[in-house]
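Contents: one structure, followed by commentary.
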Amino acid sequence: MEYENLLTKKGDSIGWVIINRPDKLNALNMNTIKELHEAFLSFKQDHEVRAVILSGSGEKAFVAGADISELAHLDFDSGKKYVLKGQELTTLIENLNKPVIAAVNGYALGGGTELALACHVRIASENAKMGQPEVKLGLIPGFGGTQRLARLVGKGKAMEFVLSGKIIDVQEALRIGLVNQVVSLGDLFPTCEALAREIIANGPLAIEYSIEAMNKGLDRPLEEGLLLEAEFFGKACKTEDSKEGTKAFLEKRKANFQGR
Ligand code: COA
Numbered sequence: 112m113e114y115e116n117l118l119t120k121k122g123d124s125i126g127w128v129i130i131n132r133p134d135k136l137n138a139l140n141m142n143t144i145k146e147l148h149e150a151f152l153s154f155k156q157d158h159e160v161r162a163v164i165l166s167g168s169g170e171k172a173f174v175a176g177a178d179i180s181e182l183a184h185l186d187f188d189s190g191k192k193y194v195l196k197g198q199e200l201t202t203l204i205e206n207l208n209k210p211v212i213a214a215v216n217g218y219a220l221g222g223g224t225e226l227a228l229a230c231h232v233r234i235a236s237e238n239a240k241m242g243q244p245e246v247k248l249g250l251i252p253g254f255g256g257t258q259r260l261a262r263l264v265g266k267g268k269a270m271e272f273v274l275s276g277k278i279i280d281v282q283e284a285l286r287i288g289l290v291n292q293v294v295s296l297g298d299l300f301p302t303c304e305a306l307a308r309e310i311i312a313n314g315p316l317a318i319e320y321s322i323e324a325m326n327k328g329l330d331r332p333l334e335e336g337l338l339l340e341a342e343f344f345g346k347a348c349k350t351e352d353s354k355e356g357t358k359a360f361l362e363k364r365k366a367n368f369q370g371r
């Protein structure tokens with residue numbers, strides 16, 4: 112599909128979504144949010160796509176935040192409606208039935224950090240910078256930053272970042288667990304692709320159930336989360352893939368998963 116502000120492609124089981132407003136450092140305007148929603152929905156339903164990589168075009172920015180020119184005109188109702196749209200997108204990404212890897216290739220500020228937080232894994236280039244600078248605009252994070260950041264790096268660090276609006280370099284992001292790995296800009300896409308390949312060599316339903324079990328279980332008491340895990344484990348045991356995976360191990364051969 113053709114988009115105004117995105118480049119998408121698919122090949123070798125990987126779907127690519129590249130936000131393409133480099134002159135505005137890939138800032139998320141409403142149309143880009145709408146298009147991202149459409150692109151992720153289409154990859155969700157596409158059985159040929161087993162993993163998605165999300166990045167920004169150019170060498171400077173992943174996403175430099177929500178488009179500030181649009182934020183300037185919001186009131187209570189339109190502001191709430193606007194962030195609910197952004198949250199719908201981040202929730203769609205977080206709960207996608209296949210892994211989403213953020214290739215953080217530069218500034219990931221405000222909505223950029225929030226978009227990366229919704230992805231299942233974040234790999235960043237050495238020039239990346241991250242943060243939630245909304246308070247500097249008299250605003251607060253709205254696409255999940257007050258919620259997902261604390262869940263990933265802990266409340267103390269999240270409070271520090273959200274309240275100060277400070278922008279951190281990638282080494283600090285790595286140290287606190289905000290990104291999984293840091294590589295050179297040139298190695299960023301190959302590294303993301305290699306990880307995507309490693310993941311999609313596994314059983315597709317096992318990947319889907321693992322994402323769902325973690326997403327649904329982590330906000331519940333441990334006992335409930337463990338019960339949920341047991342249910343997903345049972346579901347995995349019912350799949351043809353689990354029969355094939357265990358049989359292949361015992362027969363000392365590579366498993367041929369069908370996603371059934
Ligand atoms: N919304 C709208 N436009 C943005 C933007 C955003 N979040 N971030 C950058 N841009 C635009 C700039 O206005 C500029 O456009 P122009 O050339 O038409 O003037 C262009 O992108 C390049 O940005 P510029 O500020 O000139 O680049 P820089 O290298 O000097 O600074 C940043 C880079 C990221 C530090 C700076 O752009 C910035 O602070 N952006 C806003 C970050 C932010 O607050 N995000 C959270 C929003 S809720």
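Residue numbering for the sequence shown is 112 to 371, as defined by our numbering.
A virtual CB, placed ideally from N, CA and C, is assigned to each residue, including glycine.
The structure presented is a predicted model; accordingly, all values stated were derived computationally and were not measured.
{"Asked": "Inter-stretch contact (C-beta, 8 Å, three-pair minimum) for the stretch 160-178 and the stretch 213-220", "Found": "yes"}
{"Asked": "Proximity below 8 Å, CB of I125 to CB of P210", "Found": "no"}
{"Asked": "Any 3 or more C-beta pairs closer than 8 Å across the stretch 339-356 and the stretch 275-287", "Found": "no"}
{"Asked": "Sequence-distant residues of its chain with Cβ nearer than 7 Å to L118 (five each side left out)", "Found": "I129, N131 and S168"}
{"Asked": "Terminal residues of the alpha helix (DSSP H) in which D280 lies", "Found": "That residue, D280, is in no alpha helix (DSSP H); its beta strand (DSSP E) goes I278 to D280."}
{"Asked": "Residues sharing a beta bridge with K120, DSSP", "Found": "W127"}
{"Asked": "Through-space distance from E323 to N208, alpha-carbon basis", "Found": "8 Å"}
{"Asked": "Boundaries (first-last residue) of the beta strand (DSSP E) holding G167", "Found": "A162 to G167"}
{"Asked": "Minimum length 4: unbroken alpha helix (DSSP H) runs contained in the stretch 274-331", "Found": "281-286, 296-311 and 315-328"}
{"Asked": "Range covered by the beta strand (DSSP E) that runs through F173", "Found": "A172 to V174"}
{"Asked": "Element boundaries [alpha helix (DSSP H), containing Y193]", "Found": "F187 to E205"}
{"Asked": "G233 (DSSP reduced to helix, strand or coil)", "Found": "The displayed chain sequence assigns Arg, not Gly, to residue 233. Note: R233 maps to strand in three-state DSSP."}
{"Asked": "Selection from H158, P133, S153 and N326 that minimises the alpha carbon distance to E113", "Found": "S153"}
{"Asked": "Stretch-stretch touch, CB-based, cutoff 8 Å, three pairs: the stretch 178-186 with the stretch 223-234", "Found": "no"}
{"Asked": "8 Å Cβ cutoff met for E205 and N326", "Found": "yes"}
{"Asked": "Sequence-distant residues of the same chain with beta carbon closer than 7 Å to P244, five excluded per side", "Found": "L220, G221, G276 and I278"}
{"Asked": "Distance cut-off 7 Å: K196 Cβ against heavy atoms of ligand 1", "Found": "no"}
{"Asked": "Own chain, CB closer than 7 Å to L299, minus 5 neighbours either side, in chain order", "Found": "A214, N216, I234 and S236"}
{"Asked": "Helix, strand or coil at M112 [DSSP, three-state]", "Found": "coil"}
{"Asked": "Three-state class that DSSP yields for I212 in the structure shown", "Found": "strand"}
{"Asked": "Residue span of the alpha helix (DSSP H) that contains L152, given as start and end", "Found": "M141 to Q156"}
{"Asked": "Residues whose Cβ lies closer than 5 Å to any heavy atom of ligand 1, in chain order", "Found": "K135, L136, A138, A175, G176, A177, D178, I179, Y218, L220, G221, P244 and E245"}
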